[in-house]
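>
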Amino acid sequence: MTIDIFVPHVGQNKSTCHAINRHHVIIGDKMKPLIQILGWCGFALILSGYIAVSARLVDGSSIVYQLINAGGAALIAVEAKSKKDNQPFWLNLFWFAVAAVTLLRLLMRG
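In terms of the numbering used here, the sequence shown opens at residue 11 and continues consecutively.
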């Protein structure tokens with residue numbers, strides 16, 4: 011997880027800086043398992059969507075498939091961003107964008 015760096019302003023002492031930094035680390039450590047679970051849920055969504063389309067259970071241009079892709083990509087992007095892992099973050103951000111645009115087009119078509 012990320013650690014926020016706190017630069018003291020004039021008049022603040024080092025103990026204030028360390029207390030603030032420790033607070034951010036504790037919050038980050040508590041969120042790490044939840045963020046990892048979200049990433050695995052995203053993985054499961056994208057994989058299940060691909061399997062469903064390959065098995066012809068779902069149409070690749072359906073609203074359901076686009077929701078699965080958008081949701082899965084968003085969850086993986088959140089986990090990748092939390093780890094500062096740029097390649098999976100950007101890949102899934104674009105994957106989400108493509109799914110979201112396609113979803114909007116499908117919804118506007120009615």
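Cβ coordinates follow ideal geometry from the N, Cα and C atoms, glycine included. Quick caveat: nothing in here was measured; it's all calculated off a predicted structure.
Is DSSP giving Leu67 helix, strand or coil here?
Walking along the sequence shown from the start, residue 67 turns up at place 57. The answer is coil: DSSP assigns Leu67 none of H, G, I, E or B.
> Quick one: grab the DSSP three-state call for Ser92.
The residue given as residue 92 occupies position 82 in the sequence shown. Correct three-state label for Ser92: helix.
> Identify whether Ser58 lies in helix, strand or coil by the three-state DSSP scheme.
By 1-based counting over the sequence shown, the position of residue 58 is 48. Reduced to three states, the DSSP call for Ser58 is helix.
> Go ahead and pull the three-state DSSP assignment for Gly120.
Locating residue 120 in the sequence shown gives position 110, where the first residue counts as 1. Note: Gly120 maps to coil in three-state DSSP.
> Tell me which same chain residues have a C-beta within less than 8 Å of the C-beta of Leu113, skipping the five on either side of it?
Here the question's residue 113 lines up with position 103 in the sequence shown. Within the same chain, Leu113 has close Cβ partners Ile73, Gln76, Leu77 and Ala80.
> Measure from the alpha carbon of Cys51 to the alpha carbon of each residue in Glu89, Phe104 and Ile61, then state which is nearest.
Along the sequence shown, one-based indexing puts residue 51 at 41. Answer by Cα proximity: Glu89.
> CB-CB under 6 Å to Ile86, same chain, minus the five flanking residues each way: which ones, in chain order?
Within the sequence shown, numbered from 1, the residue matching residue 86 stands at position 76. Hits under 6 Å: Gly49, Gly52 and Asn102.
> Please name the residue, chosen from Asn96, Ser71, Trp105 and Pro98, that lies closest to Arg119 on a Cα-to-Cα basis.
Locating residue 119 in the sequence shown gives position 109, counting from the first residue. The shortest C-alpha separation from Arg119 is found at Ser71.
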